Each structure stands twice: as structure tokens, then as C-alpha cells.
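There are 4 protein chains.
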Amino acid sequence: MPFTTRITVRFGDCDPAGLVYYPTLFHYCHVAMEEFFAARCGAEYARLVSAERLGFPTVNARAEFFEPFVYGDAAEIDVWVSRVGRTSVTFEYRLRRAADGRPCASATLVQVCMNLDERRAVPVPEYLRLAFESGAE
Amino acid sequence: MPFTTRITVRFGDCDPAGLVYYPTLFHYCHVAMEEFFAARCGAEYARLVSAERLGFPTVNARAEFFEPFVYGDAAEIDVWVSRVGRTSVTFEYRLRRAADGRPCASATLVQVCMNLDERRAVPVPEYLRLAFESGAE
Amino acid sequence: MPFTTRITVRFGDCDPAGLVYYPTLFHYCHVAMEEFFAARCGAEYARLVSAERLGFPTVNARAEFFEPFVYGDAAEIDVWVSRVGRTSVTFEYRLRRAADGRPCASATLVQVCMNLDERRAVPVPEYLRLAFESGAE
Amino acid sequence: MPFTTRITVRFGDCDPAGLVYYPTLFHYCHVAMEEFFAARCGAEYARLVSAERLGFPTVNARAEFFEPFVYGDAAEIDVWVSRVGRTSVTFEYRLRRAADGRPCASATLVQVCMNLDERRAVPVPEYLRLAFESGAE
């Protein structure tokens, strides 16, 4: 079952067209991923970064934006893992408007498990692999 | 011939891993597009938005990130239009590290010509279509 | 009694020093103000902006930063109004680390009530004045 | 003589009111300071952070915003140091609209010299002190 989190669109997230500036939608995905780690992986992403010096930078992104989010909206975001490789993880994101459930965006992000000190790909730790796979659809 | 612009990586663009936070790379693409409009289209994007109430929000994004940008880098970004539809434009972006020319990222963004007051797709104005096509590879 | 809201520090909020990039602390204050409007003023700030075309841009800012917020922290923010003028409002913000209650920052922001279409100061609407004064210490 | 740098207002810097979101003006000050370090201090701020593990986080901020920057504007920013203490430096910023020279904002930021690994204040290195004082008005 996908994990779901909610993000309120903020004034500063929106551009002069009144829409959420689209790079900010990727920030929303990252925030959703941070919540996913806390809720499903037994690991605060913050602790992963500071204590284990692991991160999951994005190496490939595909996204579609069906309808804009505007100021006043809240986004409901589903997050799940669709594939776990040796050193990479594919996260899926579905974003919909909270008020009416209309789909607004989807994204598939391939993120690589990186040792932040050496800045090279390393195998996904086993406890994260298990958590990712149990959260997969 | 693609248009090229240069963006200096800023302290505030980088995350605790020391890398440019990846949503910010899409912001860099948007900045490069704004420079492209000024240089190649005879139209400041700002004037387009405020006077003509036209914008080009992104509806589809594909991107690859080969190597991270870090604080201290500058990005050189090529921008060109690979396809002009009736109401949409496909922009191509290639980002490389200025110091050594190494490719760091590429992105293909489909952007729709939108009337910002009515928030609906409208045909790409003829003078922009001509500018886009002359800038195409 | 001040209104209190909580903001989780996000990966993308932090800089290569691992601290919340200080301009982002002002963003946190703005988010707290948006929550204050919703909770105490009977007015979503979003509705104010879009329907009444009113905003409260900042004209004067004073802030102190005692201790940095780092990734992994959450901020608890008190917000209240200390003074209501004819066209301006003084907001007070106190930010502390949620985990241990340590004060991290305080800010006093003078914000002017602006008609966003004409971009000029206008009197604070009476229903907001009442709400601001009842929330004052 | 103050150091002057120029920043183009970007689409993503502006809010639904069409104005530069005010926390972003502090980001502009930080960018101007980074340029100041490169031009006047013989030290890229990036190198300072990564090689010497020194930073200058802000501990006190005072700012006035006289006129908003809007999308389409460019900001000209003067930066200079008005005071150098043992472990702190006071930076002054004056922001004006490039097109007509109108003053838009000013800021006085007290920034402390910090060892980023130990997160404590340390004396300002002598070569920086000399550079700061020669750039003072």
C-alpha cells in the first residue's frame, strides 16, 4: 500500500502566474520521500545523511503535470518503491489535489544510494531494501 | 545553433550533501529558458507574462543527472527547441560543468503555451514559433 | 495567547554547512503567518490574495538567530501581532527547536496591507484588525 | 568603495503578487556576499567552506524594503563591511532597481565566523580581516 502524505501549497511556492513553480513540485516529491523514510523505513532521512552518510540523489526523472496546483491548494502525495536495484531505487509519486482528489502530477524518480563522503554509489543497505520491497505495490 | 548561458552555483542552491539540490537544477533550466527568450525570441519572458499574459508551464519532464554539481561549480547550459506543436513547445537542455566541460545533466521539457488569465492552452504566437524554429537544431 | 505552529526542517532547506539557510528562516515565518491567518483571522491568506487582492508584504525586518536549526530538527514558531497601525501590522515570531524548546531565532516584521492590483498601501480591514488585536499579547 | 554586483530577478523568485518573495531578497544579499568574497577577499566562499571549513552564518539581521522588485527587474547591490569584530563581521547591503537606480532595500547583517565542523565562532582570519577593512567605507 502506498504511503500518503499531505503538503499545503505555500505563498512562496507559487510563481507570478499563481501556480506552484514546477521545480517546487520536485521539492514536494523529496519532502514526501523524507516522510516515507520516517514512516516506512525505520530511518529518518536526516539520520541517514548525518550518521550513516548515505543519501539518495536522483539520477533519472520522468514527470507529467496534468493540472497545476495553485495557491490555496493542498497536495496529497502517494509514494512507493517500484523497483530496488543493487545500488538504485525507483520511487513513484502521484500527486492529487486534496480538495477534490483530481490527479495533478506523477513522477518516477530513479535515485541512487550514495556514500556522501566519497560521492560514489554503494549497495542499498539490507534493512532499507526490505522496507522498500514491503512498501512496493 | 543552441543558445548557451552560464549559471554560477550558489551556496543556497546546495544541500547538506554539498550537491545542488536536484529540484534546483530544474530552476536552472527555467532560468536558461528565460535567457533564451531574451536572446533569441525578441521577447523578455517577463514582458510575455505581464503584458501578453502568456506563460509556458511544463507538462512533461524527462531528465538525467550524470554527475552532481557542487558548490564552487558553474553550469554551462545549452537550450534549444526540438519541436513546436500547435500549443506546445519541446525545450532541450544540456548542462555541463564550466570548468572542464563534463556533461552533468540533460533535460527534455514539454511546455504548453498558456493564457495565464484563463489558464488554458492557446496556440503558440507566430513570432515565437518562428524564433523557436530558427533556434532548433 | 500566541498562536503556535510547527515546521519540519527539510533536506532542501539546508545548506552545505548542514544548517537551515537563513533566508529560509524568513520563509518559515511567512508559513507561520499563513497558518496564523487561517487559525485566528477567519481568512485563508490564499483567499485574501486571490479574492480580496490584499497582501501583507514586509517593509521592515529585524531578526536574531541564536542557534542554528539543522537537518533533523523541527521548529516550533509562536506568532502574534504586537501593533496594528492604520495600514501596517507588526508581527512577532519566536522560533525554538521542538525537541528541547531551545530558542533559536526571533523576528519582528512590519508588514503593510497592500492592494495587490494597485500596489499601494490600504487600511487594514476592520475584521482583520479585530482578529489581530485579539491575538496580541 | 563598495563592491557592486547585479542580479536579474527570475520568474521563480517572484510570488503570486508578482513581487520578489521577501525571503529571496536575503538570498540576493547572500549571493552578493559570495561575489564580494571572490572579488575583494582573494577567497571563493566555496573554497572557504569546503577547504577551510569556515562559514559566515547570520546572527543578526535588520532590513528595510522601500519598494518591491518585480519580475522583469534587475537588482544592483552594493556590499561592504562596516565593522569587523574578533569573530564577527557586519555586512551592509544596498539594493536598487538597475533600470532607474531607485533604492528598493537595505540590509545590515551581522555574520559570525564559524568553524563548520565544530559549529562554534572562531576569530576572523587575518587575511580576511584586512580585505574586509580595505573594503570598508
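Residue numbers (the numbering used here), protein chains in the order written: chain A, 1 to 137; chain B, 138 to 274; chain C, 275 to 411; chain D, 412 to 548.
C-beta: ideal position from N, C-alpha, C; glycine also.
Quick caveat, the model's predicted, so the values are computed rather than measured.
What does the Cβ neighbour count give for residue i, buried or exposed, with the cut at 16 atoms within 10 Å?
i: D/A510; result: exposed
i: B/D254; result: exposed
i: C/R280; result: exposed
i: A/R96; result: buried
i: A/G55; result: buried
i: D/G423; result: buried
i: D/P534; result: exposed
i: C/Y428; result: Lying outside 275 to 411, the shown extent of chain C, residue 428 of chain C is not represented and no answer is given.
i: D/A457; result: buried
i: C/A325; result: exposed
Could you pull out every residue in the same chain whose Cβ sits closer than 7 angstroms to the Cβ of residue i, ignoring the five residues on either side in sequence?
i: B/R190; result: N252, L253 and D254
i: C/R284; result: none
i: B/A258; result: T224, V249, C250 and M251
i: D/E455; result: F448 and A449
For residue i, tell me which candidate among the options has the shortest Cα-Cα distance.
i: B/A244; options: B/L185, B/D150, B/R257 and B/Y159; result: B/Y159
i: A/V31; options: A/V79, A/A131, A/F132 and A/L130; result: A/V79
i: D/E487; options: D/P514, D/E478 and D/E455; result: D/P514
i: A/E67; options: A/T58, A/G101 and A/F3; result: A/G101
i: D/S530; options: C/S324, C/P276 and C/P290; result: Residue identity differs from the one stated: residue 530 of chain D is Arg in this sequence, not Ser. Answer by Cα proximity: C/P290.
i: B/M138; options: B/A176, B/Y165, B/F163 and B/H164; result: B/A176
i: A/T58; options: A/C29, A/E133, A/T4 and A/F3; result: A/C29
i: B/L185; options: B/F163, B/P262 and B/S271; result: B/P262
i: C/A405; options: C/G316, C/A395 and C/T364; result: C/G316
In chain order, what residues of the same chain lie with their CB nearer than 6 angstroms to the CB of residue i, ignoring the 5 residues before and after it?
i: A/C14; result: V20 and Y71
i: B/E229; result: W217, S219 and T245
i: B/G222; result: none
i: C/S362; result: V384 and V386
i: B/T161; result: D150
i: C/E411; result: Bear in mind that a pLDDT of 47 at C/E411, under 50, signals an unreliable position, so the model cannot answer this.
i: A/D73; result: V9 and R97
i: D/R540; result: V495
i: A/R94; result: D78 and S106
i: B/F140; result: F173, A176, R177 and V216
i: B/H164; result: none
i: B/T227; result: S219, R220 and V247
Less than 8 angstroms between C-beta atoms, sequence neighbours within five positions excluded: which residues of the same chain meet that for residue i?
i: B/G155; result: V207 and Y208
i: A/E133; result: V81 and V84
Would you call the segment 468–476 of chain D in contact with the segment 168–180 of chain B, where contact means no fewer than 3 C-beta pairs closer than 8 angstroms?
Because the criterion of three Cβ pairs below 8 angstroms is not met, the segment 468–476 of chain D and the segment 168–180 of chain B do not touch.
Quick one: complete alpha helix (DSSP H) runs, 4+ long, within the segment 289–341 of chain C? 296–314
- Item | Length-filtered (4 minimum) alpha helix (DSSP H) runs lying within the segment 77–104 of chain A | If one requires a minimum length of 4 residues, no alpha helix (DSSP H) run lies completely within the segment 77–104 of chain A.
#### Entry: Any beta strand (DSSP E) of 3 or more consecutive residues that is wholly inside the segment 377–405 of chain C
377–386
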